[in-house]
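When we follow the working numbering, the leftmost residue of the sequence shown carries the number 22, and every step to the right adds one. Working notes for the structure below.
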Amino acid sequence: VTPQNYRSAARFEIGWYRRNICIPANEKWIGKRVILTIGAADFYTEVWCNGHLLGTHEGGFTPFEFDLTDTLQRNTNGQLGGRIVIRVEDRMQNYEQPVGKQWGWYSSASGIWQTVFVEPRAPQFIERFEITSDIDHATVKFRIFCTGGSEVSIHANNPAGEQLTASALVKVGLAEAELNVGKPMLWDTSLPQLYSVRFQLHGGEIDDVVHSYFGMRSLSAETVEGSTAPGTLCLNGEPIYLRGALYQSYYPDGIYTAGDTQTLRDDIAYANRVGFDLLRVHLKVDDPMLLYYADTLGILLMCDFPNFGEGGDTERGRTRYEATMRGAIARDFNHPSIVAWCLFNETWGFGGQAEFMKLINPTPPAVGKPIEVRGKKLSNENAYKWIESMWRLAKCLDPTRLVEDMSVVAWEHLQYYGHGETDVNSWHFYTSDYSTARRWIREVVDQTYAGSTFNYVPGFRQEGQPLIASEYGGVAALDGDLDTSWSFKFLTNELRRHGQLSAYIYTELHDVEWERNGFLNYDRTPKDFGYDPKIVNAGDVLPIDSPPIRRCAPGEEITVNVFSSHFSRIRKTDVVLQWRFGGIDSLGWMHDCIAANQQPIAFPHLRVELAKRLALRMPQQTTLCTLWVRALVPDGTVVAANYIQFFVDAGYPAQQQSNLRTVLRLDAHSWNRSEWNRRCSTRAQAISAGAAYGAARGFFEYKFPVNPGLLRDCKRLTVLSEASSLRDGLPQTDRYVQPSTLRLLLNGVPIYRAILPNHPHDARGALTYLRGGRGGYGYLCHATIERELLGEVVNNLRGNHLRLRFLVPRDEQPQGGLTIYGYDAGRYPLGPTVIID
């Protein structure tokens with residue numbers, strides 16, 4: 022399967038696996054049963070050893086095991102061994118199976134996809150155990166399920182190495198004990214301290230020993246007495262604002278299976294590095310190794326259960342879903358990183374997805390193609406009661422965690438599904454428009470209060486549940502490969518302006534197949550944002566009530582409201598707000614400090630409040646301005662920062678004279694001649710985009726009207742432009758670059774040569790975004806012509822025009838095309854410009 026054929030590659034329903042095993046003849050194995058465990062295989066599995074059928078299993082996400090002992094045979098060397106044969110069947114018609122996004126959305130992960138291992142086990146053994154910590158009472162409770170034996174001894178070590186012991190008698194297959202841990206050493210995302218534990222089951226022929234670990238931590242939703250506001254999430258009793266990313270956990274080399282465990286570790290480490298402290302594991306019961314790294318590296322997890330497919334809401338589909346949910350909760354009960362379960366997502370499996378499937382099979386749609394869904398409205402009222410029963414079952418199986426019934430979305434073709442019984446009130450939204458996002462978020466926040474029926478199904482209402490945006494983004498699933506940096510910043514900025522919210526979950530950490538809205542590409546190479554994402558994605562931020570960029574008149578006075586959102590675990594005091602207003606003009610000159618100041622501000626902990634109302638006066642000339650705000654503590658450390666931009670449009674005169682300088686300007690679409698060996702923009706396209714492009718090799722030539730007398734007295738010519746290469750599509754800047762050679766010729770004289778590194782798209786392309794584009798920009802090209810070179814240019818003048826040619830030559834490599842930006846597109850407020858001094 023390749024990126025080009027993953028939708029059309031042949032898929033088979035049955036897979037066979039074979040492996041020969043030899044059992045070591047040492048004390049670790051002698052006298053013990055030999056157990057084969059399959060971590061997960063999708064979907065129907067049969068297992069043989071030495072020709073004997075050991076059994077079958079149905080399900081695709083949870084572990085199962087078989088006892089090989091009685092089927093093993095001795096070889097000629099007297100060593101026990103066996104030939105294991107496994108058959109896995111995953112039918113094409115899988116809608117009644119828990120499948121998650123394998124149902125028509127992404128590639129299927131049929132067959133074995135989690136670790137298979139063989140281990141020795143005592144005849145009487147520990148089946149599983151549940152560890153429940155109570156940080157308020159400094160205790161930890163153990164429930165140890167056994168197949169026999171008489172007593173379990175418990176040996177724990179706290180993170181400092183101090184030993185704690187307890188024991189419990191086995192009664193009807195269950196041993197229960199409580200251990201006082203003294204002063205708890207808490208598990209936290211910033212310091213994920215873990216206690217090691219060793220269980221030893223006595224009373225059988227051979228003791229069974231199991232090693233594990235646990236964390237002392239709590240997560241709850243707390244309300245303020247007398248307040249109607251949504252509840253606040255608290256980690257270890259302290260309020261926390263969770264910054265999450267959707268984590269679909271797909272991999273190009275193994276779909277559900279990572280190529281190695283380092284990939285799992287790297288995903289979590291990267292999420293931490295860019296400011297996330299929570300991952301929502303989406304519609305998949307993930308590999309236990311991922312959970313191990315979440316526990317040890319310190320990140321919180323909200324774990325979804327996989328839905329059945331469209332039409333799978335049948336008795337069989339419901340039975341299979343419940344079995345998967347039960348198995349997942351039992352397997353993962355002891356992971357301190359898991360703080361919430363999510364039962365269902367966006368009514369997947371209950372109706373509505375079929376129309377979307379028609380759009381994306383067999384290939385993804387074109388970039389930016391609008392979605393037109395014409396399906397009838399579907400009702401899923403008959404599922405309400407069953408979903409409520411699953412929520413109650415999940416709370417019974419695991420009363421220690423938050424459980425969300427349905428991660429809510431509203432579609433035009435689907436009857437609106439809200440929450441019923443739930444610990445979390447969430448909603449999803451996707452838009453790349455600032456004004457729309459601002460309005461939507463405000464509407465949701467305003468309508469969420471104790472007693473409100475907004476976002477709930479009939480018969481239910483908001484109580485004290487925390488309010489979270491459990492999916493959001495500016496690039497939706499079908500939008501194609503586009504920049505995410507721009508929308509991530511302004512959407513997250515808007516969410517952080519509202520203290521009633523407890524968490525957000527951005528879509529998503531990494532791309533998956535045709536869905537390209539991640540921080541990382543599908544192969545886990547990082548994308549370039551053009552800024553540090555932590556300026557809006559950290560415990561402490563400075564949200565600004567403003568669009569990310571706005572067009573202003575020269576000299577216009579603007580008021581900007583800067584807020585503080587102080588939710589880091591460490592309280593900051595004596596905070597100073599520092600701001601600096603600067604910009605770059607249409608001649609490429611930087612004006613670092615048009616205005617600047619600083620003053621102390623209130624920086625209240627665990628609240629969002631107005632920090633400062635700034636009054637700014639725009640400059641008189643065309644300038645792309647940036648306002649930077651920074652919060653500093655007394656030692657000078659910057660604890661929060663943010664920026665917004667303003668485009669002061671004073672026009673773009675074709676000729677401008679001042680003192681001994683004449684400036685000649687042209688729009689990007691005003692070329693006089695062009696020739697390209699592949700596609701190139703029409704003039705209408707260039708006018709619309711504010712930029713001209715040509716693929717591979719060729720040229721654009723611009724003719725600047727000029728008085729020849731000016732050139733006779735000229736001491737220096739300067740040529741300015743913004744240019745990049747030309748990539749196919751509009752992908753966000755990353756390490757995959759397409760360089761191109763650029764030569765500038767003035768009156769046929771070579772004056773400049775450079776390798777344009779790439780065709781970047783990210784938040785630095787602010788002017789392109791302002792005019793409705795997707796963040797494309799170029800590199801500032803600057804050529805100075807003096808002395809002999811100037812004389813050659815002047816001597817080659819034909820008529821009353823300077824001829825400026827942008828050339829990707831046929832005899833040089835690389836030939837990666839060319840994009841020329843106008844003054845109101847790209848990164849810099851300038852187009853093709855000639856300055857005569």
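Quick reminder that beta carbons are idealized off the backbone N, C-alpha and C, glycines included.
C-beta contact flag for residue i and residue j at 8 Å
| i | j | result |
| --- | --- | --- |
| Ala675 | Pro575 | no |
| Leu488 | Thr469 | yes |
| Leu788 | Pro853 | no |
| Phe584 | Leu631 | yes |
| Leu839 | Tyr714 | yes |
| Ile806 | Leu767 | yes |
| Pro141 | Lys49 | yes |
| Val139 | Leu195 | no |
| Leu541 | Asp553 | no |
| Ala652 | Leu747 | no |
Euclidean distance between Cα positions of residue i and residue j
| i | j | result |
| --- | --- | --- |
| Arg819 | Pro568 | 47 Å |
| Val814 | Arg686 | 18 Å |
| Thr647 | Val669 | 11 Å |
| Arg422 | Ile359 | 8 Å |
| Tyr844 | Ser742 | 9 Å |
| Tyr673 | Gln641 | 13 Å |
| Pro726 | Pro547 | 46 Å |
| Ala143 | Ser171 | 14 Å |
| Tyr216 | Thr317 | 11 Å |
| Val231 | Tyr313 | 16 Å |
| Thr457 | Gly495 | 11 Å |
| Ala61 | Tyr277 | 10 Å |
| His176 | Arg219 | 5 Å |
| Ile59 | Arg463 | 48 Å |
| Arg831 | Phe371 | 58 Å |
| Trp507 | Pro213 | 32 Å |
| Met611 | Leu522 | 39 Å |
| Val623 | Val597 | First, the residue type needs correcting, since residue 623 is Ala and not Val in the sequence shown. Straight-line Cα distance between these residues: approximately 9 Å. |
| Glu246 | Tyr493 | 31 Å |
| Gly796 | Glu79 | 48 Å |
| Arg699 | Gln836 | 11 Å |
| Arg634 | Ile579 | 10 Å |
6 Å Cβ shell around residue i - same chain, five flanking residues per side excluded
| i | result |
| --- | --- |
| Ile146 | Here residue 146 is Phe; the residue named in the question, Ile, does not match the sequence. Closer than 6 Å at Cβ, skipping near neighbours: Thr168, Asp229. |
| Asp21 | Because the chain in this structure spans residues 22 to 858, residue 21 falls outside the shown range and cannot be described. |
| Ala387 | Bear in mind that the predicted position of Ala387 carries a pLDDT of just 36, short of 50, making it unreliable; the figure below should be weighed with that in mind. So the list is empty, once near-sequence residues are dropped. |
| Trp649 | Arg601, Tyr664 |
| Tyr38 | Ile107 |
| Pro385 | Confidence at Pro385 is low in this model, with a pLDDT of 41, below 50, so its placement is unreliable and no value can be given for it. |
Proximal residues to residue i (C-beta, below 8 Å), its chain only, five neighbours per side dropped
| i | result |
| --- | --- |
| Ala415 | Met346, Ile350, Trp362, Leu364, Val424 |
| Asn41 | Gly102, Gly103, Arg104, Ile105 |
| Gln483 | Pro251, Asn446, Thr469, Tyr470, Ala471, Gly472, Ser473, Thr474, Phe475, Asn476, Tyr477 |
| Ile615 | Phe602, Gly603, Gly604, Pro640, Cys646 |
Residue of the options minimising C-alpha distance to residue i
| i | options | result |
| --- | --- | --- |
| Ser233 | Pro357, Ser248, Ile156 | Pro357 |
| Phe87 | Gly80, Arg95, Leu74, Gly81 | Leu74 |
| Arg638 | Ala617, Gly657, Arg628, Asp157 | Ala617 |
| Asp155 | Arg238, Leu530, Val829 | Arg238 |
| Gly485 | Phe511, Leu516, Thr443 | Thr443 |
| Val581 | Ala636, Gln620, Trp407, Ile841 | Ala636 |
| Ala13 | Asn817, Ala707, Ser428, Lys736 | Not covered by the structure: residue 13. The range shown for the chain is 22 to 858. |
| Val191 | Gly182, Thr282, Gln221 | Gln221 |
| Lys736 | Glu343, Leu681, Met611 | Leu681 |
| Lys593 | His626, Leu285, Asp566 | His626 |
| Ser695 | Gln678, Glu722, Arg718 | Glu722 |
| Tyr451 | Asn538, Phe481, Trp412 | Asn538 |
| Gly265 | Tyr291, Gln283, Gly793, Gly275 | Tyr291 |
Beta-carbon contacts of residue i that lie in its chain and below 7 Å, excluding the five residues immediately before and after
| i | result |
| --- | --- |
| Gln123 | Ser129, Ala130 |
| Arg149 | Phe166, Ala351 |
| Tyr116 | Trp124, Phe329, Gly330, Glu331, Gly332, Gly333 |
Determine contact between the region 269 to 284 and the region 322 to 339, defined as no fewer than three beta-carbon pairs at a distance below 8 Å.
no
Is there contact here, the region 177 to 186 with the region 200 to 215, by at least three beta-carbon pairs under 8 Å?
yes
Could you tell me whether the region 488 to 505 touches the region 739 to 754, using the rule of 3 or more Cβ pairs below 8 Å?
yes
Specify whether the region 145 to 159 and the region 70 to 79 touch according to this definition: at least 3 beta carbon pairs, one from each stretch, less than 8 Å apart.
no
Given 8 Å, three or more beta-carbon pairs between the region 332 to 339 and the region 294 to 311:
no
The region 289 to 304 contacting the region 80 to 98, beta-carbon criterion three pairs below 8 Å:
no
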